[in-house]
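Enquirer:
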Amino acid sequence: MPVGSLRVVVSSVSSDAHMWNLVFLQLLLEEAGHEVTNLGVCPPDATVMDACRGADRPDLVVLSTVNGHGHLDGLRLIRAIRRDPELALLPVVIGGKLGVRGGDDGFGERLLDAGFNAVFNESEAPVARMLADFGAFLRTLAGNLAPREPAVAAGAR
Amino acid sequence: MPRFADFVRTAAGAGVLVVQPRMGFGPLDRMRAGLTAVRDCRASTVGTVTLDSYTRVGDFDSARRALRDGAELNGFPLAAHGVGAVRELLDEVSSRNFPVQVRHGSPLPLGLFRIMVAAGVDATEGGPVSYCLPYGRVPLPEATDNWARCCELAAAAPDPMHLETFGGCMLGQLCPPSLLVALSVLEGMFFREHGLPSVSLSYAQQVHLGQDLEALAALRSLAAEHLADIDWHVTLYTYMGVFPRTPVGSFRLLEDSVRLAVHSGTERLIVKTPAEARRIPAVEENVEALEFAAAVGAKEAADCATAHCPPPAETGLLEETRTLLAATLELGHTVGSALVAAFARGVLDVPYCLHRDNAGESRAVIDERGMLAWSRAGGMPVRVHRTDAMAAAPLTAARLTRMLSHNERRYDREDIAGSLLRSAA
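Chains as they are written, first to last, in our numbering: chain A, 47 to 203; chain B, 406 to 830.
Below, the structure is given as structure tokens:
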């Protein structure tokens with residue numbers, strides 16, 4: 047795998063059947079050189095968690111949801127993930143339309159507190175800003191995971 | 406004939422387009438108020454009860470809990486309210502002059518059908534393919550078996566339910582019309598095969614008026630051929646993809662869907678509201694959209710009488726659809742088994758659909774003419790126009806976004822251009 051390339055699981059949440067957001071994210075991530083496993087729509091919590099275990103463990107889970115139940119489904123799922131010893135430290139982010147009302151719902155804080163590494167709530171920020179933030183998050187994560195130049199290489203010169 | 410179909414037929418006979426909202430609320434009193442407002446507005450309407458996402462996936466407990474805790478639901482929790490309450494609600498608001506359709510989106514709706522039949526619901530919608538591939542993870546053969554039992558239950562009801570196919574709306578956008586029409590007809594044939602006496606065939610407005618007119622003409626021809634011995638009508642959906650953000654752009658898109666309905670002889674139209682780009686619309690916004698659609702419909706029907714009908718495109722859509730139908734039906738002894746086999750072999754393959762039982766080898770784009778076209782056929786007997794630069798260009802996330810927002814841009818731009826013209830005048 048090339049340097050800076052992440053293994054990413056893309057998924058909806060249990061009650062959300064919207065698909066285009068997932069198709070888009072897969073193309074976006076693949077163009078940036080990442081490797082995507084797309085779990086598709088309406089995954090039960092266990093499906094998402096099982097897709098992240100053992101040898102399948104990705105570098106990042108991206109939950110995308112637009113049906114307005116994200117603040118409920120996302121909260122339940124991230125609590126289950128953080129309670130699970132194997133998955134407690136897995137980077138997980140959520141984005142989309144997370145509430146029903148479409149205004150500033152204040153869900154972001156609650157979701158971050160519950161254990162998401164980042165929240166991209168379309169109700170709280172314009173889509174372009176959200177995608178820029180998401181891109182920056184990916185670069186930071188890829189940078190942190192990229193193997194550093196081995197120290198001996200410098201020392202041996 | 407079920408009173409739902411009877412109402413639509415009577416209106417069509419009088420040259421009136423029936424209009425219908427999408428609408429669903431959690432609490433009974435809000436649902437009742439919504440239905441009453443739709444019934445009493447200045448339009449020929451049927452009512453809609455859209456179910457919430459928990460109920461759709463069979464998670465009745467979560468729906469019950471949300472209802473009890475007063476949490477916001479995105480639709481009506483049918484099972485949580487139960488047969489008695491639903492029957493009471495329908496007795497109160499629905500009638501021969503205001504039949505109500507329950508809309509659910511469930512791939513395994515047998516439990517919901519039991520409640521709907523027991524509560525005396527007039528009509529519902531969906532289909533073994535259209536509510537399986539885009540909306541869940543249920544294997545297609547399992548959904549097909551479940552839907553067969555649903556149809557038989559609905560057909561055996563004291564007043565058989567009217568059933569609408571959702572096959573003409575796959576993924577809402579970016580599916581070429583030949584496949585939409587084929588799936589709508591195939592699901593209609595599946596309903597007929599399982600005993601339903603009255604069905605409607607859906608089609609969703611796409612990106613080009615001429616192409617949509619050609620598609621709806623093909624749908625009517627094929628329905629007449631394959632459903633000759635049962636009652637049927639056609640239902641058009643106002644564009645289901647990414648919606649314009651400006652109110653004027655939204656109303657212009659809605660207006661074009663009414664025009665499409667009237668000039669294609671479509672009997673029923675399911676409208677969208679300007680609010681839906683951002684959130685679930687309020688009752689007043691639905692009423693406004695319904696009354697607007699009815700007014701445009703009346704004007705267009707009058708224009709039609711004096712022969713101002715726009716012409717359909719001539720892209721060979723009927724022939725391509727016929728080929729898809731024939732290639733599917735030869736794969737099984739029943740429509741259900743043929744559908745399952747066709748998807749397993751990729752003879753039917755919905756572009757961009759992530760479901761595991763969809764081959765996922767086909768691709769569709771908006772071509773140089775502004776019409777939907779195949780850019781990759783996969784295993785389907787359809788034509789790819791290799792000379793079309795748009796059809797040949799690579800698919801990127803940015804391009805997908807541009808195609809998904811094609812109508813949004815088109816209609817919002819009209820708003821901007823219109824305001825410039827107005828200020829110049």
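Each residue gets a CB set at the ideal place from its N, CA and C atoms; glycine is no exception.
For G141 (chain A), which residues does DSSP report across the bridge?
Expert: A:S110 and A:F166
Enquirer: S110 (chain A): which of A:K143, A:F183, A:E76 and A:F162 sits nearest, CA to CA?
Expert: A:K143
Enquirer: In the DSSP assignment, what are the bridge partners of D661 (chain B)?
Expert: D661 (chain B) is not bridged to any residue.
Enquirer: Against C88 (chain A), what residues of chain B qualify as contacts under a CB-to-CB distance less than 8 Å, listed in chain order?
Expert: V462, Y540, G541 and R542
Enquirer: Taking A63 (chain A) as the reference, which of B:V451, B:G741, B:A732 and B:M575 has the closest Cα?
Expert: B:M575
Enquirer: Chain B partners of G114 (chain A), CB-CB under 9 Å?
Expert: S458, E477, N479, R684 and I685
Enquirer: Could you pull the DSSP bridge partners for V424 (chain B) from this structure?
Expert: B:T450 and B:L674
Enquirer: Which residues in chain A sit within 9 Å of Y757 (chain B), going by Cβ to Cβ distance?
Expert: M65, W66 and V69
Enquirer: Exposed or buried, which one is G670 (chain B) when buried takes at least 16 other CB atoms within 10 Å?
Expert: exposed
Enquirer: For A802 (chain B), return the contacting residues in chain A, with the cut-off set at a CB-CB distance below 7 Å.
Expert: Chain A residues near A802 (chain B): F70, L73, L74 and E77.
Enquirer: N84 (chain A) touches chain B at which residues, Cβ-Cβ below 9 Å?
Expert: L759
Enquirer: Taking buried to mean at least 16 other C-beta atoms within 10 Å of its own C-beta, is P679 (chain B) buried or exposed?
Expert: Answer is buried; the Cβ neighbour count reaches 16.
Enquirer: What is the residue span of the beta strand (DSSP E) that R768 (chain B) lies within?
Expert: R768 to I771
Enquirer: Could you tell me which chain B residues have their CB closer than 7 Å to the CB of S51 (chain A), listed as they occur along the chain?
Expert: Simply none; closest approach about 17 Å.
Enquirer: If you count every other CB in all the chains shown that lies within 10 Å of the CB of E813 (chain B), and 16 or more means buried, which is it?
Expert: buried
Enquirer: Distance cutoff 8 Å, beta carbons only. Does L674 (chain B) sit that close to anything in chain A?
Expert: no
Enquirer: Return the chain-ordered list of same chain residues with a C-beta closer than 7 Å to the C-beta of G775 (chain B), the five sequence neighbours on each side being excluded.
Expert: Correct list, in chain order: V612 and H613.
Enquirer: Under 9 Å Cβ-Cβ, which residues of chain A neighbour G510 (chain B)?
Expert: Residues of chain A whose Cβ lies closer than 9 Å to the Cβ of G510 (chain B) are, in chain order, A63.
Enquirer: Using beta carbons (cut-off 8 Å, strictly below), is T453 (chain B) in contact with chain A?
Expert: no
Enquirer: Check whether chain A comes within 8 Å of L576 (chain B), counting only Cβ atoms and requiring the distance to be less than that.
Expert: Cβ-Cβ to chain A under 8 Å: yes for L576 (chain B).
Enquirer: Quick one: is V173 (chain A) buried, meaning 16 or more other Cβ sit within 10 Å of its Cβ, or exposed?
Expert: exposed
Enquirer: Determine which residues share a DSSP beta bridge with W779 (chain B) and list them.
Expert: BP columns for W779 (chain B) point to B:A769 and B:V789.
Enquirer: Flag this pair as touching only if the region 537-545 of chain B and the region 88-98 of chain A have three or more C-beta atom pairs under 8 Å; answer yes or no.
Expert: yes
Enquirer: Going along the region 720-731 of chain B in order, which residues come within less than 8 Å of chain A, judged by CB to CB distance?
Expert: none
Enquirer: Give the secondary structure of L627 (chain B) by DSSP, where H, G and I count as helix, E and B as strand, and everything else as coil.
Expert: helix
Enquirer: Quick one: Cα of E735 (chain B) to Cα of G741 (chain B), how far?
Expert: The C-alpha of G741 (chain B) is placed about 12 Å away from the C-alpha of E735 (chain B).
Enquirer: Check the Cβ-Cβ distances between T806 (chain B) and every residue of chain A, and say whether any is below 8 Å.
Expert: For T806 (chain B), the nearest beta carbon of chain A is closer than 8 Å to its own beta carbon.
Enquirer: I'd like to know if L809 (chain B) contacts chain A, where contact means its C-beta is closer than 8 Å to some C-beta of that chain.
Expert: Yes, its Cβ sits closer than 8 Å to a Cβ of chain A.
Enquirer: How far does the beta strand (DSSP E) with S605 (chain B) in it reach, from first residue to last?
Expert: S603 to A609
Enquirer: Using the C-alpha atoms, what's the distance from F412 (chain B) back to L568 (chain B)?
Expert: 14 Å
Enquirer: Would you mind giving the Cβ-Cβ distance between P546 (chain B) and E592 (chain B), rounded to the nearest angstrom? I have them listed as a contact below 8 Å.
Expert: Approximately 15 Å separates the beta-carbon atoms of P546 (chain B) and E592 (chain B); this is outside 8 Å, ruling out the contact.
Enquirer: Quick check: the Cα distance between L135 (chain A) and P104 (chain A), rounded to an integer number of angstroms?
Expert: Distance between the alpha carbons of L135 (chain A) and P104 (chain A) is about 12 Å.
Enquirer: Sort A:V94, A:S60 and A:W66 by Cα distance to V138 (chain A) and report the nearest one.
Expert: For V138 (chain A), the closest C-alpha among the options A:V94, A:S60 and A:W66 is that of A:V94.
Enquirer: Where does the unbroken alpha helix (DSSP H) through S499 (chain B) begin, and where does it stop?
Expert: No alpha helix (DSSP H) contains S499 (chain B), which DSSP labels as neither H nor E.
Enquirer: Grab the span of the beta strand (DSSP E) containing A528 (chain B) for me, first residue to last.
Expert: A528 to G531
Enquirer: How close, in whole Å, do the beta carbons of I520 (chain B) and L483 (chain B) come, if the pair is a contact with beta carbons under 8 Å?
Expert: 6 Å
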